[in-house]
Amino acid sequence: MTDTSPPRPDAVTWPRTPDPVGARRTGSGWVLFAGIMISLVGLLDVIWGIAAIGDSRFFVNDATFILSGLNTWGWIVLVLGAIQLVAAFSIWKGGQAGRWFGIAVAMFNAVAALMSISAYPFWSLAVFTLDILVIYGLIAYGGDPDVVE
222 MTDTSPPRPD
232 AVTWPRTPDP
242 VGARRTGSGW
252 VLFAGIMISL
262 VGLLDVIWGI
272 AAIGDSRFFV
282 NDATFILSGL
292 NTWGWIVLVL
302 GAIQLVAAFS
312 IWKGGQAGRW
322 FGIAVAMFNA
332 VAALMSISAY
342 PFWSLAVFTL
352 DILVIYGLIA
362 YGGDPDVVE
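Position 133 (the sequence shown) corresponds to 354 in this note's numbering; numbering is contiguous.
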């Protein structure tokens, strides 16, 4: 059964055009946020890795890791941190390659953070949360800023 009555004047919707300036501003803000956060986490990972390699007193003596020991995790996190810093500059440069590289690096770092959760739960969950926000920002808003949905 179809309604053939004319639409009410207050129910008429006009074709709306998207707001390209507002949408681009939101998208570029998330991409900037993702780049800043991945560089911040990368810098923290580099510092964490150097401290772990040097057997700093900062770390707990009886901490257990899923794979190997503190020295090995120090090297892994140091390399991941350096790659994250490269990914941040790649994201800021723009383009799809930088976006996908940033997503991949954030995914690897999220997994690495969860693998060290038994030793440092709060640190791991904080880094994991930042990585998830970076992934969201790059997937949802990391596309071509000139294309507005």
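Note that beta-carbon positions come from the ideal geometry of N, C-alpha and C, so glycine has one too.
Residue closest to Ser165, alpha-carbon to alpha-carbon, out of Ala340, Val348 and Ile360: This structure cannot settle anything about residue 165, because the visible part of the chain is limited to 222 through 370.
Please classify Val252 as buried or exposed, where buried requires at least 16 other C-beta atoms within 10 Å of its C-beta. buried
Which of helix, strand or coil does DSSP assign to Tyr357? helix
Can you tell which of Gly250, Val262 and Gly248 has the C-alpha that lies nearest to the C-alpha of Met328? Val262
Report the option in Trp294, Gln317 and Gly316 whose CA atom is closest to the CA atom of Ala273. Trp294
Report, in whole angstroms, the separation of the C-beta atoms of Ala407 and Phe349, which I expect to be a contact under 8 Å. This structure does not reach residue 407, given that the chain is present from 222 up to 370, and the question cannot be answered.
Measure the C-alpha to C-alpha separation of Ser260 and Thr225 and round it to an integer number of angstroms. 59 Å
Under the rule that 16 or more other beta-carbon atoms within 10 Å means buried, what is Ile297, buried or exposed? buried
Spatial distance of Gly270 from Leu299 (CA atoms): 4 Å
Flag this pair as yes or no: are the beta carbons of Gly256 and Ile312 separated by less than 8 Å? yes
Tell me which residues share the same chain as Asn292 and place their Cβ nearer than 8 Å to its Cβ, disregarding the 5 neighbours each side in the sequence. Ala273, Ile274 and Asp276
Mark Val332 as exposed unless 16 or more other C-beta atoms lie within 10 angstroms of its C-beta, in which case mark it buried. exposed
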